[in-house]
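Numbered per the numbering used here, the sequence shown finishes at 329, counting up by one with no gaps. By construction, the Cβ of each residue, glycine as well, lies at the ideal position given by its N, Cα and C atoms. For reference, the structure is listed below as structure tokens.
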Amino acid sequence: MGQHRAGQHARRTPRRRIVRPALATVCAALAVAAVLAGTHALTSRATADAPAAAPVDTALTASAEPSTALAPAAAPATPDPPARQAGAPAGTPTTEAAPVPTPTTAVKRGTTSDAPVDAESAKVGALFNGPVAAGRHFCTASVVHSATRNLLLTAAHCLSSSGDVTFAPGYRDGSAPYGSWKVTAVHTTTGWDQHRDEDEDFAILEVAADQGRQIEDVVGAHPLGTGESFTAQVRLFGYPNAGETPLTCVNATSKEDTYQRAIDCPAYTGGTSGGPWISTATGAVIGLIGGHQEGGDTPDTSYSALFDHTITALYATAVAAAG
Numbered sequence: 007m008g009q010h011r012a013g014q015h016a017r018r019t020p021r022r023r024i025v026r027p028a029l030a031t032v033c034a035a036l037a038v039a040a041v042l043a044g045t046h047a048l049t050s051r052a053t054a055d056a057p058a059a060a061p062v063d064t065a066l067t068a069s070a071e072p073s074t075a076l077a078p079a080a081a082p083a084t085p086d087p088p089a090r091q092a093g094a095p096a097g098t099p100t101t102e103a104a105p106v107p108t109p110t111t112a113v114k115r116g117t118t119s120d121a122p123v124d125a126e127s128a129k130v131g132a133l134f135n136g137p138v139a140a141g142r143h144f145c146t147a148s149v150v151h152s153a154t155r156n157l158l159l160t161a162a163h164c165l166s167s168s169g170d171v172t173f174a175p176g177y178r179d180g181s182a183p184y185g186s187w188k189v190t191a192v193h194t195t196t197g198w199d200q201h202r203d204e205d206e207d208f209a210i211l212e213v214a215a216d217q218g219r220q221i222e223d224v225v226g227a228h229p230l231g232t233g234e235s236f237t238a239q240v241r242l243f244g245y246p247n248a249g250e251t252p253l254t255c256v257n258a259t260s261k262e263d264t265y266q267r268a269i270d271c272p273a274y275t276g277g278t279s280g281g282p283w284i285s286t287a288t289g290a291v292i293g294l295i296g297g298h299q300e301g302g303d304t305p306d307t308s309y310s311a312l313f314d315h316t317i318t319a320l321y322a323t324a325v326a327a328a329g
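Quick look at the structure:
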């Protein structure tokens, strides 16, 4: 679960890099091996089957008109690193690209500021343990495009079950301009569940419809992007627990190791875990605050597990379950 504490991305004492389990060991635990075609196994948990959620980030704009979802478009994907390369499920995209909304406020590269109220930030919101209320948010999530139009993306360490978790897109200063959405299921990989593999620190959440509308119909969504360069430029979002307004920062990412990215953006403290990394070139979400040290052990450098075929397989499983 992931909260930043005293400037750290993880609430508890930061967990340093762990020995990664061999792929053969992880694959032996696959519950859906035929679907994943050689990738890590996935786990889904619905509200009725799981204990109450255990949020851990205690230190994760609305325009007048709802935005529309960004339409995915095919783009060439960079191959996965050789040691982890595997086939993705048939029919699942490796990269979805879309135009990027022009920010309403210019952001200096590598400088953190309050996120503007615009169509892009409306797709990002805070997770709450129970009803939406000031000071109760614990992690960040974002709406990810899917055929079911009801999926969110966050860090796996943020919560272990759906429990009584709600999501408020575009949240600011105690207000949920697009309503609050009940989280009904959490999808993670077996590698995360069994080994807390930091290279698989991502989760896809399902949310219930509200008065017949799905969340993507209300605020739109960022497409899921994989195979991006390690040096892509992204716009980083996150809700610090100590504040009631989302932060944003634009900078280039770098390679931390084979399956981890890094980015230097100051002041991303507790609560920003799960915050999306949005490519400024494509508008796709290509990372999130998590991974190494569950996001980082200082507020100025954040990490993300690499988005490759493993998250593509998780996405496909979540879409199938949500449909």
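Considering only residues of the same chain and omitting the five flanking positions on each side of residue i, which have a CB-CB separation below 8 Å?
i	result
A121	T67, S127, V130, F243, T251, P252, L253 and T254
A328	S152, T154, N156, L157, A191 and E212
A140	D179, G180 and E250
V150	L157, L158, L159, I210, A227, H228, P229, L230, V291 and Y321
R142	F134, N135 and G136
T98	Only weak support exists for where T98 lies, its pLDDT of 37 falling under 50; the value from the coordinates is given anyway. Only T318, A319, Y321 and A322 meet the Cβ criterion.
G218	none
Name the DSSP beta bridge partners of residue i, please?
i	result
H298	Its beta-bridge partners do not exist; DSSP assigns none.
H228	V150
F134	H143 and T172
S119	T254
S260	A268
G281	Note: G281 sits in no beta bridge, so no partner.
V291	L230 and I284
S308	I269
L159	S148 and I210
For residue i, which residues in the same chain have their Cβ closer than 7 Å to its Cβ, ignoring the five residues on either side in sequence?
i	result
W198	A162, E206 and D207
D270	G116, N257, D306 and T307
A34	Legend: pLDDT at A34 = 36, less than 50; position of this residue unreliable, value from coordinates given subsequently. Here the set comprises nothing.
D223	R155
A147	L66, G131, L133, L158, L159, T160, F173, L211 and G280
A75	In this prediction, A75 scores a pLDDT of 35, lower than 50, which makes its location untrustworthy; the coordinate-derived value is nonetheless stated afterwards. The residues are H151, E222, G226 and A227.
Measure from the alpha carbon of residue i to the alpha carbon of each residue in the options, then state which is nearest.
i	options	result
T172	G297, G116, D216 and T196	D216
H201	G297, G302 and T318	G297
V240	E300, T286 and T264	T286
T264	A248, A273, T275 and F236	F236
G289	A238, Q220, G301 and Q299	A238
G301	F134, V325, T318 and R267	R267
Q299	I317, V189 and C164	C164
T275	N247, G293 and L294	N247
S318	Y245, G218, I295 and T195	The sequence shown places Thr at residue 318, not Ser. It is T195 whose Cα lies nearest to the Cα of T318.
V325	G293, H193, L294 and V225	H193
Excluding the 5 residues flanking residue i on each side, which residues of the same chain have their C-beta closer than 6 Å to its C-beta?
i	result
A174	G131, A132, V138, A182 and S186
P272	T118 and D306
E204	G297 and H298
Y177	G131 and A132
A214	K188 and T190
Y245	L66, A132, H143, T146, P252 and G277
Q220	R155 and N156
Checklist entry - Are at least three pairs of beta-carbons, each pair with one atom in the region 226-233 and one in the region 255-263, less than 8 Å apart? => result no
Item to check | Complete runs of the alpha helix (DSSP H) confined to the region 168-245 [at least 4 residues] | outcome: 196-201 and 221-225
Item to check | Validate contact between the region 275-282 and the region 311-318 using beta carbons, cut 8 Å, 3 pairs | outcome: no
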